[in-house]
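As you go down the protein sequences, you meet chains A and B in turn.
Under this note's numbering, think of the first position of the first sequence as 1, with each following residue one higher.
Under this note's numbering, think of the first position of the second sequence as 1, with each following residue one higher.
For glycine and all other residues, C-beta sits at the position ideal for the given N, C-alpha and C.
Heads up, the thing below is written out as structure tokens.
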Amino acid sequence: MNWSEFFSMGGYAFYVWGSYLFAFVLLVAEILFLLRRQKALRRTGTRNSFDS
Amino acid sequence: MNLYKYASPAVFYPLAGKLIPWFAVPAAILFAVGLYVGFFLTPALAGEQKQIYHIIFIHVAAAWMGMFLYVLMAIYAGIGWAFNARLASMMASSIAVTGALFTLISLVTGSLWGKPTWGTWWAWQDARLMSTLILMFLYIGFISLQSAIDNQRRADRAGAVVALVGVINVPIIYYSVQWWSTLHQGATIKFTEKPKMTGAQLSAMAIITAACWLYSIAVVLMRLRCEIAEREQTAAMIGEGAAQ
Numbered sequence: 001m002n003w004s005e006f007f008s009m010g011g012y013a014f015y016v017w018g019s020y021l022f023a024f025v026l027l028v029a030e031i032l033f034l035l036r037r038q039k040a041l042r043r044t045g046t047r048n049s050f051d052s
Numbered sequence: 001m002n003l004y005k006y007a008s009p010a011v012f013y014p015l016a017g018k019l020i021p022w023f024a025v026p027a028a029i030l031f032a033v034g035l036y037v038g039f040f041l042t043p044a045l046a047g048e049q050k051q052i053y054h055i056i057f058i059h060v061a062a063a064w065m066g067m068f069l070y071v072l073m074a075i076y077a078g079i080g081w082a083f084n085a086r087l088a089s090m091m092a093s094s095i096a097v098t099g100a101l102f103t104l105i106s107l108v109t110g111s112l113w114g115k116p117t118w119g120t121w122w123a124w125q126d127a128r129l130m131s132t133l134i135l136m137f138l139y140i141g142f143i144s145l146q147s148a149i150d151n152q153r154r155a156d157r158a159g160a161v162v163a164l165v166g167v168i169n170v171p172i173i174y175y176s177v178q179w180w181s182t183l184h185q186g187a188t189i190k191f192t193e194k195p196k197m198t199g200a201q202l203s204a205m206a207i208i209t210a211a212c213w214l215y216s217i218a219v220v221l222m223r224l225r226c227e228i229a230e231r232e233q234t235a236a237m238i239g240e241g242a243a244q
């Protein structure tokens with residue numbers, strides 16, 4: 001199997017890659033969102049008395 | 001060593017921070033390994049018509065996570081309610097968003113599976129699809145109810161009621177394909193029978209499911225830390241207000 005065959009997924013490229021792309025985007029977005037939330041908390045600064 | 005001390009949010013906060021990388025890094029590795037096995041070591045899926053089956057790895061893993069996490073969320077919410085344990089309630093709130101995300105992934109990937117194989121994106125009369133949609137609504141209900149109530153402990157209790165009542169939906173999802181047979185196919189892997197998949201397909205699904213578990217633990221711990229910090233800030237603000 002060559003690469004173009006692999007990417008075409010027997011004609012189901014949209015469905016197969018769409019599924020994985022959707023899952024990937026959602027999971028990465030969740031991580032980025034949480035990192036931002038963490039950063040915002042650190043800025044307001046009440047926390048971290050526990051961290052030390 | 002006194003394990004009970006970890007039930008205190010203040011003690012658990014730094015511990016959770018130390019644990020996160022131990023779940024996040026293996027999760028990333030297992031996702032990569034699972035996808036490699038699923039896409040490159042499954043010769044049985046190489047036939048033209050069968051390529052669509054590659055969706056199954058992420059679809060089934062996400063559907064399982066949606067159900068597992070719901071039960072876990074309900075257990076924590078119930079413990080938080082019954083024993084007035086704050087950390088358990090915060091854990092339930094932290095699980096909810098991740099559970100909802102996996103349920104959404106299972107719905108969307110299922111839809112992307114349904115169009116080419118059944119000829120439709122969605123079927124309102126299918127029991128598996130409908131019970132999964134209800135699971136999504138239960139998550140949304142839990143999350144929005146919690147954010148709608150200002151008093152944190154009251155929000156936790158209200159959420160616990162929704163979470164616990166909704167648990168009944170989980171066995172309904174699991175057995176829906178046996179009780180009402182419509183569009184959705186039966187379980188590929190049953191607890192009672194030998195699975196109808198080849199070794200490589202089965203390993204890919206198992207590895208991706210394990211990756212999803214590790215991912216879930218890592219992000220839930222991240223969210224739990226935010227939750228602990230935010231609730232403490234709110235408590236501190238209320239404290240200052242009362243002092244003035």
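Under the three-state DSSP convention, the category residue i falls into
i, result
"alanine 123/B", "coil"
"leucine 183/B", "coil"
"asparagine 84/B", "coil"
"arginine 47/A", "Note that arginine 47/A scores a pLDDT of 49, beneath 50, so its modelled location is shaky; the value from the coordinates is reported in the next line. Arginine 47/A falls in the coil class under three-state DSSP."
"asparagine 169/B", "helix"
"tyrosine 53/B", "helix"
"threonine 42/B", "coil"
"isoleucine 149/B", "coil"
"methionine 65/B", "helix"
"threonine 198/B", "coil"
"serine 144/B", "helix"
"tyrosine 70/B", "helix"
"serine 8/B", "coil"
"tyrosine 175/B", "helix"
"tyrosine 76/B", "helix"
"tyrosine 12/A", "coil"
Residue burial classification, residue i (beta-carbon count within 10 angstroms, cutoff 16)
i, result
"serine 52/A", "Confidence at serine 52/A is low in this model, with a pLDDT of 40, below 50, so the placement of that residue should be treated as unreliable; the coordinate-derived value is given next. So serine 52/A counts as exposed."
"aspartate 150/B", "exposed"
"glycine 159/B", "buried"
"alanine 204/B", "buried"
"alanine 7/B", "exposed"
"serine 93/B", "buried"
"leucine 34/A", "buried"
"alanine 61/B", "buried"
"isoleucine 168/B", "exposed"
"alanine 229/B", "buried"
"isoleucine 52/B", "buried"
"arginine 154/B", "exposed"
"methionine 65/B", "buried"
"isoleucine 217/B", "buried"
"valine 165/B", "exposed"
"tyrosine 36/B", "exposed"
"isoleucine 207/B", "buried"
"phenylalanine 178/B", "The question names phenylalanine, but residue 178/B is glutamine in the sequence shown. Answer is exposed; the Cβ neighbour count stays below 16."
"glutamine 201/B", "buried"
"leucine 21/A", "exposed"
Per-residue contacts from residue i into chain A (C-beta, under 8 Å)
i, result
"proline 116/B", "Tyr12 and Tyr15"
"glutamate 230/B", "Leu41"
"threonine 109/B", "Ser19, Phe22 and Ala23"
"isoleucine 20/B", "Those do not exist, as isoleucine 20/B stays about 10 Å from chain A at its closest Cβ, beyond 8 Å."
"isoleucine 75/B", "Going along chain A, no residue has its Cβ under 8 Å from isoleucine 75/B, so there is no contact; the nearest lies around 22 Å."
"glutamine 51/B", "Met9, Gly10, Gly11, Tyr12 and Val16"
"leucine 101/B", "Leu26, Leu27 and Glu30"
"leucine 104/B", "Leu26"
"histidine 184/B", "Those within 8 Å of histidine 184/B in chain A number zero; the least Cβ separation is about 16 Å."
"threonine 98/B", "Glu30"
Partners in chain B for residue i, counting only beta-carbon separations shorter than 8 Å
i, result
"leucine 34/A", "Val219, Met222, Arg223 and Cys226"
Under 9 Å from the C-beta of residue i: neighbouring residues of chain B
i, result
"leucine 21/A", "Those within 9 Å of leucine 21/A in chain B number zero; the least Cβ separation is about 10 Å."
Listed by chain order, chain A residues near residue i by CB distance under 7 Å
i, result
"leucine 112/B", "Tyr15, Gly18 and Ser19"
"threonine 198/B", "Simply none; closest approach about 17 Å."
"tyrosine 215/B", "Leu27"
"isoleucine 58/B", "Ser19, Tyr20 and Ala23"
"isoleucine 55/B", "Tyr15, Val16 and Ser19"
"threonine 132/B", "Chain A residues near threonine 132/B: none, gap ~15 Å exceeds 7 Å."
Within chain A, partners of residue i - CB distance below 9 Å
i, result
"alanine 62/B", "Ala23"
Below 8 Å, can you find three or more Cβ-Cβ pairs linking the stretch 66 to 81 of chain B to the stretch 12 to 23 of chain B?
-> Flag = no, the stretch 66 to 81 of chain B and the stretch 12 to 23 of chain B do not touch.
- Contact between the stretch 23 to 33 of chain B and the stretch 169 to 181 of chain B (3+ Cβ pairs under 8 Å): Short answer: they don't touch.
Original post:
Within the chosen definition, does the stretch 123 to 136 of chain B reach the stretch 25 to 39 of chain A through at least 3 CB pairs nearer than 8 Å?
Top reply: no
Legend entry - At least 3 beta-carbon pairs within less than 8 Å: the stretch 102 to 117 of chain B vs the stretch 36 to 44 of chain A: no
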